[in-house]
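Q:
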Amino acid sequence: MSRFFTTGSDSESESSVSGDELVAKPPGGNYGKPLLLSEDEEDTKRVVRSAKDKRFEELNNLIKTIRNAMKIRDVTKCLEEFELLGKAFGKAKSIVDKEGVPRFYVRILADLEDYLNELWEDKEGKKKMNKNNAKALSTLRQKIRKYNRDFEPHIASYKQNPEQSDEDEEKKSRDSEASGSSSSGEEEDDGGVGAFLKKKDGGGERSRYAKGEEEEGEGEEEEEDSEEEEDWGSSDSDTDSETDEDDGKFTSLASKFLKKEEDKKGGERRREEKAKKKHDRKSRRYEEEEEENDGGGEWEKVKGGVPLVKEKPKMFAKGTEITPAVVVKKLNEILQARGKKGTDRAAQIELLQLLVAIANENGLGVALEVKIKFNIIASLYDYNPNLATYMKAEMWQKCLGCIEELLDVLFAHPEIFIGENILEESENLANPEQPYRVRGCILTLVERMDEEFTKIMQNTDPHSQEYVEHLKDEGRVCAIIARLQRYLQEKGTTEELCRVYLRRVLHTYYKFDYGARRRGAGDPQVWGEGGEEEEEEDSAALMERLCKFVYAKDRTDRIRTCAILCHIYHHALHSRWYAARDLMLMSHLQDNIQHADPPVQILYNRTMVQLGICAFREGLIKDAHNALLDIQSSGRAKELLGQGLLLRSLQERNPEQEKVEKRRQVPFHMHVNLELLECVYLVAAMLLEIPYMAAHEFDARRRMISKQFHHQLRVGERQPLLGPPESMREHVVAASKAMKMGDWRSCHRYVVNEKMNGKVWDLFPEADKVRAMLVRKIQEESLRTYLFTYSSVYDSISMEILAAMFELDLPTVHSIISKMIINEELMASLDQPTQTVMMHRTEPTAQQNLALQLAEKLGNLVENNERVFDHKQGSYGGYFRDQKDGYRKGDGGYLRRGGYRQQERGGNY
């Protein structure tokens, strides 16, 4: 024996040291207490590994992770691990240059590329992918194609003979295991099960990467067995055969206890035998479990090629009598785990579904079924504990199906009474002699379903096919709400009816009723057989009926406010301008809307925008501008309409505020086109501002009607090189310059052309009518601008010439000029016999204009000085006594001094 391993004292004999334990003296010389080496410490092998083994082991671990991600179609994980794999391969570059590119690395590159190509060609699979996986698929596919260019010869040779490559790789892995290089410590107990299941499945054709996964699973099983068993002495006989004669053969402690070269092949053979025995034991155990549980069930193949054992949980012990009380007790047991940390929510839902199936099999009554279904739907809502996250597609479809089944049961059994005020003690679930009573609120579940649908639409890419697929579910959502409305009309309270009516209104107000318009036009395609109209109610009549009920019965201001705004929006959407305007003015919502919650304010902004667009379609330019002024002048139309967050304001919010505001966003299919909105506002501002600028060109006190329009004009004037207009704003600016010159034809060409039609005007329901209105307004306002600009040039002008210049009929020209004269905008008179306009006013010279401006400014200065003086004396309206014992009234009233009174003009005295 080595001098480091001796007995504790001279008196002790070698027989005191058993074969299972050795006594070691500490190197410090303290021999008081022996150091006992247990069996676990004996099993630990100290292996000196080379740099090659370490680098290749790191690569193998990453490859295993990639293959596991490939099994579950987690492309995002594949992308992350592929980037790490490339970095690890770069670290092993010096070793690869000496040894060559390892076969297992070439195999994963080829298999990953084939796997990504299969996913890319699978159109149905790509549609079902979430946003992150789809993005990762595109990125990883490009990266792997670019990366594999450096390994094309290796990949080509691998693809020519993949089987030979696999055999070589397996041989190398076994050799490395025999030399002790496989000490990564990764153990997977399911590997043996997966291998057994794959063998049991038989000769199903698999792809190359699935085959590679099997081989890796077998390799891991061998590693596990090799770690579980002893490698230094495989039996007691080997241990007993060690005698003192061996002491002379070893010169160091390491050479004594390291594995001997001649034992490598024998150890490998023993590992194979043990793996086979373990395999047989596991197969027998799973067969016995199958026979006990299912009486000889079969394995089920799941997606990804990984078979799993699907065991049904045992709800009740054998021989238990299934009664309503027992089922309710089991239901409460399941619900006790609800909301607790570590609860498997999916398993909880499965248990509840199994419980309702058991209740139906034993005929325990519909009341118990209704109670369990209430809890199933609530568990589906609780599947995502975070309010910001949305339901997955599978859970969403389950939720819709469960609510539809619950409504079917309630309609089929009207004797069941449900209510959220019913106590659990007063529930009647089994006694048919009395009315069934179940605690629950179907309206709350449907409202939560509607909110979940909104969250799903908010969190889906609006430009993807997935959004369209989710939007198709709105038909089912609206049908559920309509069925709930019919149910509550018979059994619901007034408050519940108002709530369900509001849900119906919120799904109707933003939709244009094309069927009603075609019916109004007499389109025969919307009439049924025999000339009868379809039974479906027009949206206008539906909104009128639902909203009037809410106006009369609602006791909460919020529901009434939302109903009014939706009603106004619907009127405006269908060009019923006067009905929408009158309802808005009578509601007085504009007086206190700033005190409402943000979702209601967003709805108010959307309604005002729709009102402005409706007024524009009807040719009421001034009303349209006034309705859109507040939204467009702020520069935050996107944010105020709930259609997105501005980038510049993101820095002012913390992450929590940003999440809250994102939850307030309107789904994409309800958006108002912001480019159309801005174009309508700028064109309305152009039709108002250009004639006003021409009429008050020399007026120093001229005020801007639209600041945003003037900003666009200044931007256009700053451009050093003026080319043909490209964007919508440039078209409006070019049209404004043409109108300023009185050139209505150029103005018309800039506003109405092919590009503007595609961007804006074709989006209106009646595009031709809007374009005709625009042409007429441009002609009329261009005529007014021409008269304001060039009136000083003319002594008289014929109205017939004006009508020919602007292609207007003579009565229209006569009406426009008459209004201008009456409003004192134009100093002229009409000569009726000759149909001419006689100009009276002469334009002041530039010096006279400057003098008038100076006089105006001096007058303003005097008024401001007097106002400041009165402010110091304490005059703020009301009456005060002056030094001459007179009384003076503030706020521009009358002044009484010295027995007479004088009316003050202007100022705040």
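The numbering used here applies: residue 23 is where the sequence shown begins, and numbers increase by one. Glycine is no exception: its CB is placed at the ideal position from the N, C-alpha and C atoms.
Rounded to whole angstroms, what's the CA-CA distance from residue 892 to residue 885? Just pull it up for me.
A: Position 870 of the sequence shown, counted from the start, is the residue given in the question as residue 892. Position 863 of the sequence shown, counted from the start, is the residue given in the question as residue 885. Going from the Cα of residue 892 to the Cα of residue 885 covers about 11 Å.
Q: Give the C-beta separation of residue 132 and residue 180 to the nearest angstrom, bearing in mind that I take them to be a contact with Cβ-Cβ under 8 Å.
A: Translated into positions along the sequence shown, residue 132 becomes position 110. Translated into positions along the sequence shown, residue 180 becomes position 158. At roughly 6 Å, the Cβ-Cβ gap stays under 8 Å, so residue 132 and residue 180 are in contact.
Q: For the beta strand (DSSP E) that contains residue 818, what are its first and last residues?
A: Residue mapping note: residue 818 aligns to position 796 of the sequence shown, counting from 1. Unbroken beta strand (DSSP E) run through residue 818: 818-820.
Q: Using only alpha-carbon positions, find the residue among 677, 768, 684 that is nearest to residue 665.
A: The residue given as residue 665 occupies position 643 in the sequence shown. Closest by alpha carbon: 684.
Q: Residue 630 to residue 649, Cα distance in whole Å?
A: Within the sequence shown, numbered from 1, the residue matching residue 630 stands at position 608. Within the sequence shown, numbered from 1, the residue matching residue 649 stands at position 627. In a straight line, the C-alpha of residue 630 is about 6 Å away from that of residue 649.
Q: Mind checking residue 800: buried by the 16 CB within 10 Å criterion, or exposed?
A: By 1-based counting over the sequence shown, the position of residue 800 is 778. Answer is buried; the Cβ neighbour count reaches 16.
Q: Would you kindly check if the distance between the Cβ of residue 809 and the Cβ of residue 842 is under 9 Å?
A: Translated into the one-based positions of the sequence shown, residue 842 becomes position 820. Translated into the one-based positions of the sequence shown, residue 809 becomes position 787. Their beta carbons are under 9 Å apart, which means residue 842 touches residue 809 by this criterion.
Q: Taking all protein chains shown into account, do 16 or more other C-beta atoms lie within 10 angstroms of the C-beta of residue 443, making it buried, or fewer, making it exposed?
A: Along the sequence shown, one-based indexing puts residue 443 at 421. Classification for residue 443: exposed.
Q: Could you check if residue 433 is buried or exposed, using at least 16 other CB atoms within 10 Å of its CB as the buried criterion?
A: Within the sequence shown, numbered from 1, the residue matching residue 433 stands at position 411. Answer is exposed; the Cβ neighbour count stays below 16.
Q: Quick check: the Cα distance between residue 142 and residue 165, rounded to an integer number of angstroms?
A: Taking the first residue of the sequence shown as position 1, residue 142 is located at position 120. Taking the first residue of the sequence shown as position 1, residue 165 is located at position 143. One C-alpha to the other measures close to 14 Å.
Q: Nearest-angstrom Cα distance between residue 402 and residue 709?
A: Here residue 402 corresponds to residue number 380 of the sequence shown, with the count starting at 1. Here residue 709 corresponds to residue number 687 of the sequence shown, with the count starting at 1. About 56 Å.
Q: Look at the alpha carbon of residue 124 and the alpha carbon of residue 414, and state the distance between them as a whole number of angstroms.
A: Walking along the sequence shown from the start, residue 124 turns up at place 102. Walking along the sequence shown from the start, residue 414 turns up at place 392. Distance between the alpha carbons of residue 124 and residue 414: 41 Å.
Q: Does DSSP put residue 868 in a helix, a strand or coil?
A: Reading the sequence shown from its first residue, position 846 is the one you call residue 868. In this structure, residue 868 counts as helix in the three-state DSSP scheme.
Q: Under three-state DSSP, which class holds residue 151?
A: Mapped onto the sequence shown, residue 151 falls at position 129. Here residue 151 sits in coil by DSSP.
Q: Go through its chain and collect everything with a Cβ distance to residue 605's Cβ below 6 Å, but skip five positions before and after it.
A: Counted from its first residue, the sequence shown places residue 605 at position 583. These residues qualify, in order along the chain: 590.
Q: Within the present structure, is the beta-carbon of residue 592 separated from the nearest heavy atom of the ligand NAD by less than 8 Å?
A: Among the components modelled here there is no ligand, and therefore nothing to report on the ligand NAD.
Q: Give the secondary structure of residue 404 by DSSP, where H, G and I count as helix, E and B as strand, and everything else as coil.
A: As a working mapping, residue 404 is identified with position 382 in the sequence shown. Residue 404: coil per DSSP, three-state reduction.
Q: Exposed or buried, which one is residue 868 when buried takes at least 16 other CB atoms within 10 Å?
A: Position 846 of the sequence shown, counted from the start, is the residue given in the question as residue 868. Flag for residue 868 reads exposed.
Q: What beta strand (DSSP E) runs, 3 residues minimum, are completely inside the region 390-449?
A: Whole beta strand (DSSP E) segments, 3+ residues: 439-441.
Q: Please determine, among 462, 346, 398, 515, the residue with the shortest C-alpha to C-alpha distance to residue 454.
A: Indexing the sequence shown from 1 puts residue 454 at position 432. Of 462, 346, 398, 515, the residue nearest in Cα terms is 346.
Q: What would DSSP say about residue 793, mapped onto helix, strand or coil?
A: Residue mapping note: residue 793 aligns to position 771 of the sequence shown, counting from 1. Correct three-state label for residue 793: helix.
Q: Taking the alpha-carbon positions, what's the residue 734 to residue 656 distance?
A: Walking along the sequence shown from the start, residue 734 turns up at place 712. Walking along the sequence shown from the start, residue 656 turns up at place 634. Each residue's alpha carbon lies about 15 Å from the other.
Q: I need the straight-line Cα distance from residue 523 to residue 428, nearest angstrom please.
A: The sequence position of residue 523 within the sequence shown is 501, counting from 1. The sequence position of residue 428 within the sequence shown is 406, counting from 1. Spanning the two alpha carbons is a distance of roughly 20 Å.
Q: What residues in its chain sit with their C-beta under 8 Å from that of residue 510, if we drop five residues either side in the sequence?
A: Reading the sequence shown from its first residue, position 488 is the one you call residue 510. So the qualifying residues of the chain are 465, 518, 519, 522.
Q: Excluding five sequence neighbours on each side, which residues of the same chain lie with their C-beta closer than 7 Å to the C-beta of residue 796?
A: In the sequence shown, counting from the first residue as 1, residue 796 sits at position 774. Closer than 7 Å at the Cβ level, and outside the excluded window around residue 796, lie 773, 774.
Q: What are the boundary residues of the beta strand (DSSP E) that includes residue 851?
A: Position 829 of the sequence shown holds residue 851. Segment 850-853, the beta strand (DSSP E) holding residue 851.
Q: Determine the DSSP secondary structure at residue 487, reduced to helix, strand or coil.
A: Residue 487 sits at position 465 when you count from the first residue of the sequence shown. Helix, per DSSP.
Q: Just curious, the beta strand (DSSP E) that residue 87 is in, first and last residue?
A: As a working note, residue 87 is residue 65 in the sequence shown. Unbroken run through residue 87 is the alpha helix (DSSP H), 73-93; no beta strand (DSSP E).
Q: Going by C-alpha to C-alpha distance, which of 577, 540, 537, 601 sits closest to residue 566?
A: One-based indexing of the sequence shown puts residue 566 at position 544. When only C-alpha atoms are compared, the closest one is 601.
Q: Opposite residue 692 in the DSSP bridges: which residues?
A: Here residue 692 refers to the residue found at position 670 when the sequence shown is read from its first residue. BP columns for residue 692 are empty, so no partner.
Q: Alpha helix (DSSP H) containing residue 608: first to last residue?
A: On the sequence shown, position 586 is the one that residue 608 refers to. Its alpha helix (DSSP H) spans residues 599-609.
Q: Go to residue 767, then tell me how far its beta strand (DSSP E) extends in each direction, as first and last residue.
A: Counted from its first residue, the sequence shown places residue 767 at position 745. No beta strand (DSSP E) contains residue 767, which is instead part of the alpha helix (DSSP H) from 766-773.
Q: If you reduce the DSSP assignment to three classes, tell me which class residue 482 lands in.
A: Here residue 482 corresponds to residue number 460 of the sequence shown, with the count starting at 1. Looking at residue 482 - three-state DSSP - the assignment turns out to be coil, as it is neither helix nor strand.
Q: Report buried or exposed for residue 19, applying the criterion of at least 16 other Cβ atoms within 10 angstroms of its Cβ.
A: Residue 19 is absent from the structure shown; the chain starts at 23 and stops at 931.
Q: What is the rounded straight-line gap between the Cα of residue 634 and the Cα of residue 836?
A: Locating residue 634 in the sequence shown gives position 612, counting from the first residue. Locating residue 836 in the sequence shown gives position 814, counting from the first residue. Roughly 29 Å separates the two Cα atoms.
Q: By how many angstroms is the C-alpha of residue 155 removed from the C-alpha of residue 389?
A: Translated into positions along the sequence shown, residue 389 becomes position 367. Translated into positions along the sequence shown, residue 155 becomes position 133. Going from the Cα of residue 389 to the Cα of residue 155 covers about 44 Å.
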